[in-house]
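Remarks on the structure that follows.
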Amino acid sequence: MSSVLRPPALHYFLSLRVMSLASRMLASQHAKLAAVKGRDLRDPVAPTPLSFEDPQAFRVKSWWELMRALGVFRLCSFPTLVNNCGKVMTFTRTILGKQAFAKVLRPFVYAQFVAGETEKEISESMEKMSSLGLRPMLAVPIEEDLGESTGERRYNDNLAAMLECVRMSHCNSWSKDPMMQLKITALVSPELCVKLTCLLKEQQYDLDLLVGAMNSEAVVFPGLSDSENTHFLCGLRRLDQIGEASINKVRILVDAEYTYMNPALSLITMAMMKKFNQDDAWIWNTYQCYLKESRDLLLEAIRLSKDLSFCLGVKLVRGAYMDKERKLADKERRTDPIHETWEYTNNCYNGSLDIMLNLISQHPDRYKIIVATHNEESVKRAVARMDELGIDRNGGSVCFGQLLGMCDHVSLTLAQQGFSVYKSVPYGSVDDTLPYLVRRAQENRTVLQGIRKERDLLRQEVHRRVKEKITWAK
Ligand SMILES: Cc1cc2nc3c(=O)[nH]c(=O)nc-3n(C[C@H](O)[C@H](O)[C@H](O)COP(=O)(O)OP(=O)(O)OC[C@H]3O[C@@H](n4cnc5c(N)ncnc54)[C@H](O)[C@@H]3O)c2cc1C
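Numbering (this note's numbering), first residue to last: 8 to 481.
Structure, rendered in structure tokens:
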């Protein structure tokens, strides 16, 4: 069977956070649930309608954490500030200098969305999460965009950081079925990814060529200059080292980035799947449902996984780069690759979710999905379909993902109901995480509906504590 990405398929590739308190809380919640249902706690959890109205999730937070979250979400509700936060951060950094800027940002926005910089800080954050039933998905937010390319040495340093992430993900007491996120542009230059994306419009790339290069064969890729070819070989070997280090230990979820390089990222990810996913899905790809072509891309990946007999892991997201994608399409007078409305994006998300859940109900060992969203309706829909299709809540084929600092009420409710829930936990210096922080601010503007709810629940928790203190004082 050919492992060539066939030409008709190619255009698809174009867009291709207490501990003991928390444990007691969990135990008492389970006990209450069991008492209500009159059943043994070891019984499988019976389907219960999900409700995300309970501010309990925030009881584990300190006063400072509550006030910080309220403050950050308030800031995110000023569109002008959010739209210009990249510029505001760059300007402030220039005025204050790198160190003072880091000191200012660290206790606020950074601490809300980033676990820290050292292994000790990360482990503290992960232990709290683990005690709440949440699983780790560490993310090293090293990424590059066009014009930011660094040399081979820097990419090798990034490789060392990623391998360290693999080690941390599985070598700690909090490591339960760990996942980690990987940005290919930390290991292969964005310029090369863009060039490959252009080449993919015109010529076939056999996945076996890429697999050969991962296996240290001296492959010559058509269309690339000598230096590009050498860099690609080095990049593929770096990715191979990550695959080898993580297989049977950590699931690697490759991030989707911009449409002008996604096809190359997907090509590389598919080659990694072909090499490492023969028996289980260790390498996963991301599908951004805000893209008009995302469903076709997903269907193409399913076809490829069947043809080449590899297991397919899917991270289903709506997409984080909407503003930039739209501006770029406008500037280049191209058709906007993003759905016209949020509703279209939502339909696409639901449709793709259904496709994957149906497949999983038939082949739970070959197909896996992480429903990576903060949207309560999407989560409820996935849960309802899982119950209808008889998919095991904690079987590992379907899991849920939210970002650190966002929608803890959704994550904790799901975990309390017996689902596999991952928190995406970025870590690194203030400097390395700046682009990530800008995207989170922008995203919290677009998920205003959710944030308002989160803000309401945070406020309810503040009121509850104030009332409790007043009652104590009396
Ligand atoms: C674990 C995890 C991993 C992630 N990995 C990636 C990744 O690899 N790549 C990536 O791009 N993102 C990634 N994300 C970010 C994800 O894309 C955002 O969290 C998501 O877009 C926010 O959507 P939602 O479903 O949570 O919320 P919702 O409020 O339901 O949706 C907001 C999203 O809808 C879309 N949208 C909003 N307005 C419109 C409109 N007018 N027209 C069309 N679409 C619109 C946008 O994508 C916006 O972000 C990840 C998220 C998580 C939780």
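Every residue gets a Cβ at the ideal spot worked out from N, C-alpha and C, and that includes glycine.
Just so it is clear, the structure is predicted and the values come from calculations on it, not from any experiment.
Relative to the alpha-carbon of residue 412, which residue among 116, 251, 167 and 303 has its alpha-carbon at the smallest distance?
When only C-alpha atoms are compared, the closest one is 116.
Alpha carbon to alpha carbon, what distance is there between residue 371 and residue 227?
Straight-line spacing of the CA atoms in residue 227 and residue 371 works out to 38 Å.
Comparing the CB of residue 326 with every heavy atom of ligand 1, is any distance shorter than 8 Å?
It does: the Cβ of residue 326 is within 8 Å (strictly closer) of some heavy atom of ligand 1.
By DSSP, does residue 289 sit in helix, in strand, or in coil?
Coil, per DSSP.
Kindly indicate the opening and closing residues of the alpha helix (DSSP H) around residue 161.
159-177 is the span of the alpha helix (DSSP H), which, as asked, contains residue 161.
Hey, residue 298 and residue 326 are a contact pair by Cβ (cut 8 Å); roughly how many whole angstroms apart?
Going by Cβ atoms, the distance from residue 298 to residue 326 rounds to 7 Å, so yes, they are a contact pair.
Count the other CB atoms, across all protein chains shown, that sit within 10 Å of the CB of residue 178; report buried if there are 16 or more and exposed otherwise.
So residue 178 counts as exposed.
Taking the C-alpha atoms as reference points, what is the distance between residue 245 and residue 262?
Residue 245 and residue 262 have their C-alpha atoms some 16 Å from each other.
Assess, as a yes-or-no matter, whether the region 421-429 is touched by the region 251-259 under the definition of 3 or more beta carbon pairs within less than 8 Å.
Contact between the region 251-259 and the region 421-429 is not established, with fewer than three Cβ pairs separated by less than 8 Å.
Among all the DSSP beta bridges, which residues are the ones paired with residue 355?
BP columns for residue 355 are empty, so no partner.
My output table needs one value for residue 449: the three-state DSSP class, helix, strand or coil.
If DSSP states are grouped into helix, strand and coil, residue 449 belongs with the helices.
Distance check for residue 423 and residue 30, CA to CA, integer angstroms please.
Because the pLDDT of residue 30 is 44, which lies under 50, any placement of that residue in the model is unreliable, and the number read from its coordinates should be weighed accordingly. Each residue's alpha carbon lies about 11 Å from the other.
Burial state of residue 477 (16 or more Cβ within 10 Å)
Taking all protein chains in view, the Cβ of residue 477 is surrounded by fewer than 16 other Cβ atoms within 10 Å, so the residue is classified as exposed.
Taking C-beta to C-beta, are residue 467 and residue 92 nearer than 9 Å?
Here residue 467 is not near residue 92, since their CB atoms are 9 Å or more apart.
Between the alpha carbons of residue 366 and residue 355, how many angstroms are there, rounded?
Between the alpha carbons of residue 366 and residue 355 lies a distance of about 17 Å.
Three-state secondary structure (DSSP) of residue 428
Note: residue 428 maps to strand in three-state DSSP.
Per DSSP, what are the beta-bridge partners of residue 295 in this structure?
The bridge partners DSSP lists for residue 295 are 324.
Would you mind reading off the limits of the beta strand (DSSP E) that contains residue 258?
Where residue 258 is concerned, the enclosing beta strand (DSSP E) stretches over 258-261.
May I ask which residues mark the beginning and end of the alpha helix (DSSP H) holding residue 95?
The continuous alpha helix (DSSP H) containing residue 95 extends over residues 92-103.
For residue 51, collect the residues of the same chain with a Cβ closer than 7 Å to its Cβ; drop the 5 residues on either side in sequence, then sort them by chain order.
In this prediction, residue 51 has a pLDDT of 46, which is less than 50 and means its spatial position is unreliable; what the coordinates show is noted afterwards. The beta carbon of residue 51 is closer than 7 Å to none in its chain, skipping five residues each way along the sequence.
Taking 8 Å as the cut-off, does the CB of residue 346 come closer than this to any heavy atom belonging to ligand 1?
Ligand 1 approaches residue 346 closely enough that one of its heavy atoms is under 8 Å from the residue's Cβ.
Cβ-heavy atom distance between residue 381 and ligand 1 below 8 Å?
Annotation for residue 381 indicates a beta carbon within 8 Å of some heavy atom of ligand 1.
Three or more C-beta pairs below 8 Å linking the region 274-288 and the region 336-348
Note that the region 274-288 does not touch the region 336-348; fewer than 3 beta-carbon pairs, one per stretch, sit closer than 8 Å.
Rounded to whole angstroms, how far is the Cβ of residue 432 from the Cβ of residue 133, which I believe are closer than 8 Å?
Sure, about 7 Å apart at Cβ, within 8 Å.
Closest residue to residue 225 among 210, 241 and 212 (Cα-Cα distance):
For the residues 210, 241 and 212, the minimum Cα distance to residue 225 belongs to 241.
How would you label residue 415, buried or exposed, when you count the other beta carbons within 10 angstroms and need 16 or more for buried?
By the Cβ neighbour-count rule, residue 415 is buried, with 16 or more other Cβ atoms within 10 Å of its own.
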